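Enquirer: Numbering (the UniProt record's numbering), first residue to last: 1 to 328.
By construction, the Cβ of each residue, glycine as well, lies at the ideal position given by its N, Cα and C atoms.
Here the structure is a predicted model, which is why all the values come from computation and not from measurement.
The structure's right below; bear with me while I get my questions together.
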Ligand SMILES: Cc1cc2nc3c(=O)[nH]c(=O)nc-3n(C[C@H](O)[C@H](O)[C@H](O)COP(=O)(O)OP(=O)(O)OC[C@H]3O[C@@H](n4cnc5c(N)ncnc54)[C@H](O)[C@@H]3O)c2cc1C
């Protein structure tokens, strides 16, 4: 592990000022991802700025929305009463991830920025455009069972590993950030990037920008919602495919549908095609399967992960059927 300086930031302004002038800075949340990567020599920051003292408040607003400080621990978010009542899919998504001990350490800011679990990214001897831009991607022709089927590029087929982020995508969360240039708010769909030819650039964050909070707008509050994760083991495993879904049914028809997929793309995948196909349709197994087919029409399998296409279709249909109370 490379030697580094450690600073504990007392507030947002101090963290940003330090990051703006320090050599090769990295913010530190719970450290559950970054410290692993430093031990493996994949991340080599020269300055660590601990931001765990920043806001961890969870503010349930009277309009139905919730503002979550970036320092809030994953466990605190999943257990918060207003989150469980208003946005059950988010609590379920967080509880489907990692282990209780890791969730007790991991922060909301860190969860958004956790790195891929692509084996080749972690293997310093492998070619990886994400780790070393311009070196190639060994996953494209390699062991790619866990890799992307949607939105990938010849440069990178890695997936985003977060469960929480899949729910945040479906909920149209807003990411509040602050940096040397001031504050701004990013719609969740614009926060993470698809790989294109720069898979090393994973988000829209600029240099020294800090995530300060994540906002859940009132729009999806109170919808029937859930999160379903399919993985190789029943616990302590990343998603092969996951689905965050919410619906509102009026007179047997789908008045509102929100759908996002995990484990299938470089970013949490908002299933806009399926949503559009479902709006106004009678809630039922046929419509759910047809919408899943429409969403996955764009899927491009690699040599080892074609199974994910059918798995994603079935998981979408089963999750929506469960929510609608229909027979899958
Ligand atoms: C064994 C294991 C199993 C896991 N299983 C799952 C799983 O099934 N599902 C899942 O979703 N996750 C899983 N995780 C990942 C875990 O959720 C993440 O490691 C965790 O959410 C990262 O949060 P952190 O606060 O520890 O981030 P850190 O490790 O501290 O930081 C991660 C990144 O975020 C940056 N960062 C942190 N805070 C901020 C901020 N406020 N602003 C800007 N940048 C910031 C850091 O610089 C770093 O680049 C697993 C982890 C482990 C170790």
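Enumerate in chain order the residues of its own chain whose CB-to-CB distance from residue 126 is below 7 angstroms, with the five nearest sequence positions on each side excluded.
Expert: If you number the chain shown from 1, residue 126 lands on position 126. The residues are 120, 138.
Enquirer: Could you tell me the boundaries of the alpha helix (DSSP H) in which residue 47 lies?
Expert: As a working note, residue 47 is residue 47 in the chain shown. From DSSP, residue 47 is part of no alpha helix (DSSP H) but of the beta strand (DSSP E) over 47-50.
Enquirer: Considering just the uninterrupted stretch of the beta strand (DSSP E) at residue 330, what are its terminal residues?
Expert: With the chain covering 1 to 328 only, the question about residue 330 has no answer from this structure.
Enquirer: Note down the Cα distance separating residue 21 from residue 135, rounded to an integer number of angstroms.
Expert: For the purposes of this step, residue 21 is taken as residue 21 along the chain shown, with counting starting at 1. For the purposes of this step, residue 135 is taken as residue 135 along the chain shown, with counting starting at 1. Straight-line Cα distance between these residues: approximately 30 angstroms.
Enquirer: I'd like the ranges of any alpha helix (DSSP H) spanning at least 4 consecutive residues and lying wholly in the stretch 254-314.
Expert: 272-278, 285-296
Enquirer: As an exercise, report each continuous beta strand (DSSP E) stretch of at least 3 residues that is fully enclosed by the stretch 103-144, in chain order.
Expert: none
Enquirer: In terms of residues, what are the limits of the beta strand (DSSP E) holding residue 245?
Expert: Looking up residue 245 in the chain shown gives position 245. That run of the beta strand (DSSP E) goes 241-250.
Enquirer: Pop quiz: residue 170 and residue 245 are said to be a contact at Cβ under 8 angstroms. What is the actual Cβ separation, rounded to whole angstroms?
Expert: Numbered from its first residue, the chain shown carries residue 170 at position 170. Numbered from its first residue, the chain shown carries residue 245 at position 245. Confirmed, about 7 angstroms.
Enquirer: Check whether the Cβ of residue 51 lies closer than 7 angstroms to any heavy atom of ligand 1, and answer yes or no.
Expert: Walking along the chain shown from the start, residue 51 turns up at place 51. The answer is yes for residue 51.
Enquirer: Smallest Cα separation from residue 49: which of 31, 9, 86, 69?
Expert: Within the chain shown, numbered from 1, the residue matching residue 49 stands at position 49. Checking every option, the nearest Cα to that of residue 49 belongs to 9.
Enquirer: If we count the other Cβ atoms within 10 Å of its Cβ and call it buried at 16 or more, is residue 209 buried or exposed?
Expert: Here residue 209 is taken as the residue at index 209 of the chain shown, counted from 1. Result: buried.
Enquirer: With hydrogens ignored, establish whether the beta-carbon of residue 159 is closer than 7 angstroms to any heavy atom of ligand 1.
Expert: On the chain shown, residue 159 is found 159 positions in, with the first residue counted as 1. False, no ligand heavy atom lies under 7 angstroms from that Cβ.
Enquirer: Would you kindly check if the distance between the Cβ of residue 315 and the Cβ of residue 243 is under 8 angstroms?
Expert: Taking the chain shown and counting its residues from 1, the one referred to as residue 243 is at position 243. Taking the chain shown and counting its residues from 1, the one referred to as residue 315 is at position 315. Yes, the pair counts as a contact, with Cβ atoms nearer than the cut-off.
Enquirer: Quick check on residue 17: does DSSP put it in helix, strand or coil?
Expert: Residue mapping note: residue 17 aligns to position 17 of the chain shown, counting from 1. Helix at residue 17.
Enquirer: Under 7 angstroms: does the beta carbon of residue 36 sit that close to some heavy atom of ligand 1?
Expert: Reading the chain shown from its first residue, position 36 is the one you call residue 36. The answer is yes for residue 36.
Enquirer: Under 8 angstroms by Cβ, that's how I've got residue 193 and residue 267 pegged, so tell me the actual separation to the nearest angstrom.
Expert: What you label residue 193 is simply residue 193 of the chain shown in a count that begins at 1. What you label residue 267 is simply residue 267 of the chain shown in a count that begins at 1. Cβ-Cβ separation between residue 193 and residue 267: approximately 7 angstroms, consistent with a contact (criterion under 8 angstroms).
Enquirer: Whole angstroms are fine: how far does the CA of residue 3 sit from the CA of residue 106?
Expert: As a first step, residue 106 is located in the chain shown; it is residue number 106 there, counting from the start. As a first step, residue 3 is located in the chain shown; it is residue number 3 there, counting from the start. Roughly 23 angstroms between the two C-alpha positions.
Enquirer: Would residue 327 be called buried (16 or more neighbouring beta carbons within 10 Å of its own) or exposed?
Expert: For the purposes of this step, residue 327 is identified with residue 327 of the chain shown, where counting begins at 1. In this prediction, residue 327 has a pLDDT of 47, which is less than 50 and means its spatial position is unreliable; nothing more can be read from the coordinates.
Enquirer: Any chance the CB of residue 242 is under 7 angstroms from a heavy atom of ligand 1?
Expert: The residue labelled residue 242 in the question sits at position 242 within the chain shown. No.
Enquirer: Is residue 113 close to ligand 1? I mean its beta-carbon at under 7 angstroms from any heavy atom of the ligand.
Expert: Along the chain shown, one-based indexing puts residue 113 at 113. Answer for residue 113: yes, Cβ within range of ligand 1.
Enquirer: Starting from residue 88, trace the alpha helix (DSSP H) in both directions and tell me its first and last residue.
Expert: Working through the chain shown from its first residue, we reach residue 88 at position 88. Counting along the chain, the alpha helix (DSSP H) containing residue 88 begins and ends at 88-95.
Enquirer: Confirm the yes/no value for this check: CB of residue 149, any heavy atom of ligand 1, distance under 7 angstroms.
Expert: Walking along the chain shown from the start, residue 149 turns up at place 149. Residue 149: no, Cβ never under 7 angstroms from ligand 1.
Enquirer: Roughly how many whole angstroms lie between the Cα atoms of residue 99 and residue 47?
Expert: Stepping through the chain shown from its first residue, residue 99 is reached at position 99. Stepping through the chain shown from its first residue, residue 47 is reached at position 47. The alpha-carbon atoms of residue 99 and residue 47 are separated by roughly 28 angstroms.
Enquirer: Let me know if residue 45 comes out buried or exposed under the rule of 16 or more other beta-carbons within 10 Å of its beta-carbon.
Expert: Residue numbering aside, residue 45 sits at position 45 when the chain shown is read from its first letter. Residue 45 is buried by the Cβ-count criterion.
Enquirer: Can you tell me the Cα-Cα spacing of residue 116 and residue 274, whole angstroms?
Expert: By 1-based counting over the chain shown, the position of residue 116 is 116. By 1-based counting over the chain shown, the position of residue 274 is 274. Each residue's alpha carbon lies about 26 angstroms from the other.
Enquirer: Could you tell me whether the stretch 48-66 touches the stretch 24-38, using the rule of 3 or more Cβ pairs below 8 angstroms?
Expert: yes
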